[in-house]
Structure formats: C-alpha cells, structure tokens
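Per UniProt numbering, the very first residue in the sequence shown carries number 1; after that it's consecutive.
We put the CB at the ideal spot given by N, CA and C, even for glycine.
What you are looking at is a predicted structure, and each value in this text was computed from that prediction instead of being measured.
Just below is one structure, and these are the notes that go with it.
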Amino acid sequence: MENYKPKNILITGAAGFIASHFANRLTRNYSDYKIVVLDKLDYCSNLKNLIPSQSLPNFKFVKGDICSADLVNYILATETIDTVMHFAAQTHVDNSFGNSFEFIKNNVYGTCVLLESCKAFKNIKRFVHVSTDEVYGETDENADVGNHEASQLLPTNPYSASKAGAEMLVMAYGRSYGLPVIITRGNNVYGPHQFPEKAIPKFILLAMKGKPLPIHGDGLNVRSYLYCDDVAEAFDIILHKGVVGHVYNVGTNEEKRVIDVAMDICRLFSLDPTVAIKFVENRPFNDQRYFLDSQKLNILGWSEKTKWVDGLRKTMEWYVRNPDWWGDVSGALLPHPRMLSSPRTGRDHVQGGVSKSNFGVPNPDEALIDCGTNGSIDIPKSRI
C-alpha cells in the first residue's frame, strides 16, 4: 500500500514534551510539509522546545486552546489542514486525582471540539489521536505477553479514564462519520525538555540539587520507558504508514521498577540510594504494571533504537547543561500535595526489606556516567 503523504499538518500541544520532538523531526525532515502547531502554553509547555523549528519556513506557531471551536475552525480553513496529530492533553496522573474536571475538559471535551471541526471541514485525510498505555489498566504481574491493540480498556485513574473516553469519541467519529482516524497508545516517554513533574526529570533535578528522590509507596511498580527520539520516529512511521481505523501500541519490552529507575539515577550521580531515596505516600490507586505488545507497529518498520542506559545518560547530560530550562520548578520537584511523607517504622517500607547491602550502594567505578577521578560530576548551579 502506498504511503500517506500529508501536505498541511496541525499538531496540537506541540510545545509540550513529546509533540515538540515530533514537530521538530517533521520540520527538519520534510521541508515540503507545512507544520502548524497549536498550544495554549500551559505550565508544562515551553516555546523553547520548538527552537529547532522556529526559523524554518515550513513552521507556524499559533497560541490557543483546542477547546475553542472558533479558533480550531479558523486554523483548519485558513491553513487548509489535511492532517491532525492530536497530542494536547492534561497528562499528570497525580493532578487528576485532585482536579478531574480539568482532565475531562481538556482531554475529552477538547478532543470532541477537534473531531467536530474536522467532521465539518471535510478536508481531513488523517486524524491521529495520541493516547496512553494506561487506558488498558493494570497488566497482570505474571503476564509474558503485553496488552495488544484489541485488549479491553480498563482505566483505573481519572487521567486514564479521560483518555479512554477521548478514544471512544475518536472511534465513534470514525465509524459514524467516516473520519479517517488512527489511535496510538504508548509507554512512558523520557528525554530532554520534559517538565519535571514526571519521575525521571524530577529525580535528575533533585539529584542535581542534592535533595531526596521521592518514591510513591514501595517503588516496586513496574513501568516501561521509551526515549523521545524513538517515539518521534514511531509517530513519523504511523503518520505515513498507519492504516486508517487501526490502533498502534508504541512500547518497549524492557521494564523497570520505579525504585530501579531511582537507583540508576543515583548511580549516575554516585549517590547512596539509602540516603538519597525517600518513600512517600502512594497514590489513591497506583497500577502495578503496564506492558504493551508492539508487534503491529514493528511490522510497519519501527523498532526501539535507544538503550535505557544510553537514553538516561543523554537525558541527564541535557538537564545538567540546561538546569534553568523551565525556570522556577521548585513546586514541581516537591512530592505531590496529596502524597504526604510516609513515616518509616522499624519495619522496612519496601516489600521484602531493603537494607544498605541489598539496596546497592553505587561504587563510583560502576557509575553509569564517567564522573571523573573524584567520583563526582560538575553540575552548574541553578539560578533558582
């Protein structure tokens, strides 16, 4: 089947983390595509994320909200949009427990506004909706095969429920109105430019400041992490080779316990995890594991290229070079207001018991990053 070739692409939420990497990839690699990006510049968006694209002639930025039907209609008409890549969303799970209305407004209502506008415009050849692995709910701890695209959706928190609701709308508009929709469901993404409310950049910045790394609960929850460049490539392939009406998982087979992520970052900075890691109260509900089967996307030609150790190193080095990228993020680095400190008792907080010996105190010679002869790394001081 011949690859799809768009002309004028609207990317929503493009000043955010994942979408900015994708937008920069498109403007760089496809000079004949017009890339129009829409973002309301919420707290986790940053125009600096789009610096590689801003001087290019095929790039245009529009500040605005996907919930504004008038604005969306105007952009679709004046820019002759034929392709929508819909990334814009509220994504921080902790926030969804305390402000679920905002998640419904942005993730469900905002998606509905886009769908209605695309239905009326009648020039849309592709509508790619970016969802999350969390819509599947918790993967069985003993499962050898991950959730596939036909697996049942069983979201367990307000964020994932809002994303599942948005998916239902997208699928319904595809069936009812023939809108050419594609849905993606991805694992956690990490890399440069990510706002430090998410675990990896938060841990890195806290380690740079010599502050404790907060772990929800016992830290044994398992997550899968993909490097941002690999994910941008996945969306590139889905845009050009994805089949209308289909869902594509974007995942990795490598899984990491959250406690192991924190310990790897401790090793990056030659920190003692028994001192650097602090356990805090768990979320009201925290899925134990998400695991995806991405064979369908692999068949299109995508595969993960960045190894965990390499991606984490590149991410750490970027934050070391850019400590003030986000300005004052002191609030984001605190444990979430709902996650109060958990008292340590005589009983180990981590299941099975964690002693100094089996916690794995890092040896500078075994650090993931070459820290020099003194076992430390020179970290520029933040102005914060």
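8 Å contact criterion, which residue 216 and residue 282 should meet: CB distance rounded: 5 Å
For a test of the three-state rule: what should DSSP assign to residue 2, helix, strand or coil? coil
Which runs of the alpha helix (DSSP H), 4 residues or longer, sit entirely within the stretch 276-325? Those alpha helix (DSSP H) runs which fall completely within the stretch 276-325 and span 4+ residues are 295-300, 308-321.
Ends of the beta strand (DSSP E) at residue 216? Per DSSP, residue 216 belongs to the beta strand (DSSP E) from 213-216.
Distance, Cα to Cα, residue 308 vs residue 70? 43 Å
Could you check whether residue 59 and residue 11 sit closer than 8 Å to each other, using their CB atoms as the reference points? No, the pair does not count as a contact, with Cβ atoms beyond the cut-off.
Could you tell me which residues DSSP pairs with residue 226 in its beta bridges? 189
On the DSSP letters alone, give me the boundaries of the beta strand (DSSP E) that residue 248 sits inside. Start and end: 247-250.
CB of residue 81 to nearest heavy atom of the ligand MN: below 7 Å? As for the ligand MN, it is missing from this structure, which has no ligand bound.
Residue 338 versus residue 50: straight-line alpha-carbon distance, rounded: Any reading at residue 338 must be qualified, since the residue scores a pLDDT of 48, below 50, and its modelled position is unreliable; the value itself is stated next. Cα-Cα distance, rounded: 33 Å.
If we ignore side chains and look at the alpha-carbon of each, how far apart do residue 35 and residue 313 end up? Spanning the alpha carbons of residue 35 and residue 313 requires a straight line of approximately 31 Å.
Considering only the alpha carbon of each residue, which of 80, 130, 214 lies closest to residue 334? 214
According to DSSP, is residue 184 helix, strand or coil? Strand at residue 184.
Taking contact to mean 3 or more Cβ pairs, one atom from each stretch, closer than 8 Å, check whether the stretch 242-258 and the stretch 109-122 are in contact. Too few Cβ pairs lie closer than 8 Å, so no.
Is the beta carbon of residue 236 less than 8 Å from the beta carbon of residue 304? No, Cβ-Cβ distance for residue 236 and residue 304 is not below 8 Å.
Those residues which DSSP pairs with residue 12 across a bridge: 38, 86
Collapsed DSSP secondary structure at residue 62 in the structure displayed: strand
Quick check: the Cα distance between residue 385 and residue 140, rounded to an integer number of angstroms? Here the chain comprises residues numbered 1 to 384, so residue 385 is not present and cannot be evaluated.
Are the CB atoms of residue 292 and residue 147 within a distance shorter than 8 Å? yes
Give the secondary structure of residue 106 by DSSP, where H, G and I count as helix, E and B as strand, and everything else as coil. helix
Whose C-beta lies closer than 7 Å to the C-beta of residue 345 among residues of the same chain, with five residues either side of it excluded? Legend: pLDDT at residue 345 = 32, less than 50; position of this residue unreliable, no value from coordinates given.
Could you check if residue 143 is buried or exposed, using at least 16 other CB atoms within 10 Å of its CB as the buried criterion? exposed
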